[in-house]
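Enquirer: Take a look at the following structure, please.
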Amino acid sequence: MSVIEPEAGPVTTAQVTRERALGVVQSYGAAIVLVLLVAIASVSFPTFFTVGNLSNILTQSSFILIISIGMTFVILTGGIDLSVGSMFALGGVLAAQGSAFGLAGALLLPLLVGIAVGAVQGALVAWGGMAPFIVTLAGLLAIRGVALQITGAGSTTPIIRDELTRALGQGGIGNVRWPAIIALVLLGIGVVLLTRTRLGQGVLAVGGSESASTLMGLRVGRVKFSVYVLSGAMAALAGALSAAYASSGVPTVGVGLELTAISAVVIGGTLLSGGKGSLIGTLAGVLLLTVIQNVINQVGNLSSSVQAVVSGAFLAVVVVIQTVLSRQQRL
């Protein structure tokens, strides 16, 4: 005897409004909090809303943003890339060494290595059937080891003496340095790639439902492979620009940077389960984390452990809010 389920009632205007409101909060919550925080900080700290401090915020955000662009694509597929911090360090070391051949060497060497590393990890995830967490965790350790090996376990620090390479990191237009400009250009390209191309559609589809994507004839393996290649390239480029900014490639930098990038992406509204998110949200997440760090520095007399507690607590709150909002939207 079959059971006849009651038909769902018509969707009311109130339900539609509620659904949209929840979606706006989830997608643009980071931007709203960012605006409020900037307003409060501007009133509370006279040195916050100054040209020099804002320029510093943009510069510090640029390196994380470039990494987070690649991380957003990876997380949208339901994956994760824990190797970006180590790739950032190796990219800086290789850029410093490649700068002996000028700006082209400083950029091409780390980019090629980043693409190669991303390709290996992407192949293992896409066609090897291995878990992204395990693959990229191994990459985190191995890549950092390569960076240390190149520099004699960190005993030597390659110095960038090429003026053009150093100008790429330290010069700019007005008070906006080139790394920030490059990061914004890459963000624009990423937005177009995600929203206007087949790859972007594939990324969102794979993250939404891998099995459904396969049934639709989407080449899931190719999509996964592509996002890890992109992530490796972005992390290496960010490391190269950071080295140009600091005039040296330090193999010990970038420890924990993968967690910062993941935090920025999640705070920006991208679901860790994949399938939903945006690069504009990621931008808001990166700026929010950087501004929080800047405000903590404005307060002063706070240890690094306290700063870590504040950042961790903030991320935990955001994840809880995202989870609640996602459940509410499904009701």
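My numbering puts the sequence shown at residues 709 to 1039. Heads up, the beta-carbon is just placed ideally off N, CA and C, and yes, glycines get one too. Everything numeric in this text was worked out from a predicted model, so none of it was measured.
Whether or not the stretch 888 to 897 and the stretch 825 to 834 are in contact is what I'm after, with contact meaning three or more pairs of Cβ atoms, one per stretch, closer than 8 Å; do they touch?
Expert: Judged by Cβ distances under 8 Å, the stretch 825 to 834 makes no contact with the stretch 888 to 897, as fewer than three pairs qualify.
Enquirer: Going by beta carbon distance, what residues of the same chain come within less than 6 Å of Glu739, once the five residues before and after it are set aside?
Expert: Going by the sequence as given, residue 739 is Ala instead of Glu. These residues qualify, in order along the chain: Ala992.
Enquirer: Return the chain-ordered list of same chain residues with a C-beta closer than 7 Å to the C-beta of Ala804, the five sequence neighbours on each side being excluded.
Expert: Pro866, Ile867, Ile868, Ala951, Ser956 and Gly957
Enquirer: Using three-state DSSP, classify Ser956 as helix, strand or coil.
Expert: Look at Ser956 here: in three-state DSSP terms it is strand.
Enquirer: Does DSSP classify Arg904 as helix, strand or coil?
Expert: helix
Enquirer: Within 10 Å of its beta-carbon, does Gly910 have 16 or more other beta-carbons around it, so buried, or fewer, so exposed?
Expert: buried
Enquirer: Which first and last residues belong to the alpha helix (DSSP H) in which Asn1002 is found?
Expert: Leu987 to Val1007
Enquirer: List the DSSP bridge partners of Gly880.
Expert: Arg885
Enquirer: Since I believe Gly976 is in contact with Thr998 (beta carbons under 8 Å), could you give me their beta-carbon distance rounded to a whole number of angstroms?
Expert: Under the criterion of beta carbons closer than 8 Å, Thr998 and Gly976 do not qualify as touching, at roughly 13 Å.
Enquirer: Give a yes or no on whether the C-beta atoms belonging to Ser791 and Gln829 are separated by under 8 Å.
Expert: yes
Enquirer: Ignore the nearest five residues each way along the sequence and tell me which others in Ala749's own chain have a CB closer than 6 Å to its CB.
Expert: Exclusion of the five residues before and after Ala749 leaves Phe756 and Val1003 as the residues of its chain whose Cβ lies within less than 6 Å of its Cβ.
Enquirer: Which class does Ile788 belong to by DSSP, given the choice of helix, strand or coil?
Expert: coil
Enquirer: When you compare the stretch 936 to 947 with the stretch 776 to 792, are there three or more beta-carbon pairs, one atom per stretch, that lie closer than 8 Å?
Expert: yes
Enquirer: With three or more C-beta pairs closer than 8 Å as the rule, is the stretch 809 to 824 touching the stretch 963 to 981?
Expert: Taking one beta carbon from each stretch, the stretch 963 to 981 and the stretch 809 to 824 have fewer than 3 pairs nearer than 8 Å; the two do not touch.
Enquirer: According to DSSP, is Ile867 part of a helix, a strand, or is it coil?
Expert: In the three-state reduction of the DSSP assignment, Ile867 falls in the strand class.
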